[in-house]
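Data block below; observations after.
Numbering (mature numbering (1 follows the signal peptide of the UniProt record, and there is no 0)), first residue to last: -24 to -1, 1 to 89.
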């Protein structure tokens, strides 16, 4: 009788502690900050020390000035395993500077594997 009680006690304790010992799967959490691929823009001439100079005018109609052309490269912080399509857009939080006057040569870029 003593052996049966010990066996049942051990089986009960194992049954209670197994859920705490087993690992859980995070398969449902596909996207988080640790496995995300971060994309950034970098000016093509960032090492040249060529400071971009331009004139801006402020008047009652808003902000205006010289046309500015800059070429950028799209980069990721790590190698990508699949092709990525990056959508580009411009926005302005500056009062009087209308983002619709910012013209992009392309609205999307494809990064190849």
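C-beta: ideal position from N, C-alpha, C; glycine also. None of the values given here were measured: they were computed from a predicted structure.
Taking the alpha-carbon positions, what's the residue i to residue j distance?
i: residue 40; j: residue 81; result: 20 Å
i: residue 77; j: residue 8; result: 35 Å
i: residue 70; j: residue 19; result: 22 Å
i: residue 42; j: residue 56; result: 38 Å
i: residue 38; j: residue 11; result: 43 Å
i: residue 75; j: residue 67; result: 5 Å
i: residue 27; j: residue 58; result: 36 Å
i: residue 14; j: residue 54; result: 8 Å
i: residue 32; j: residue 23; result: 25 Å
i: residue -17; j: residue -10; result: 10 Å
i: residue 25; j: residue 47; result: 15 Å
i: residue -22; j: residue -15; result: 10 Å
i: residue 36; j: residue 79; result: 23 Å
i: residue -13; j: residue -20; result: 10 Å
Between the Cα of residue i and the Cα atoms of the options, which residue gives the shortest distance?
i: residue 90; options: 49, -15, 35 and 30; result: Past the edges of the chain, shown from -24 to 89, lies residue 90, and the structure says nothing about it.
i: residue 21; options: -8, 37, 45 and 53; result: 45
i: residue 52; options: -13, 86 and -23; result: 86
i: residue 62; options: 47, 54, 83 and 79; result: 83
i: residue 60; options: 79, -17, 89 and 54; result: 89
i: residue 100; options: 47, 73 and -19; result: Summary: the structure shown does not reach residue 100, with the chain confined to residues -24 through 89, and so no result is reported for it.
State the beta-bridge partners of residue i as determined by DSSP.
i: residue 39; result: 34
i: residue 84; result: 63
i: residue 15; result: 52
Query - Entirely enclosed beta strand (DSSP E) segments - the segment 50 to 77, minimum 3 residues - result: 60 to 63
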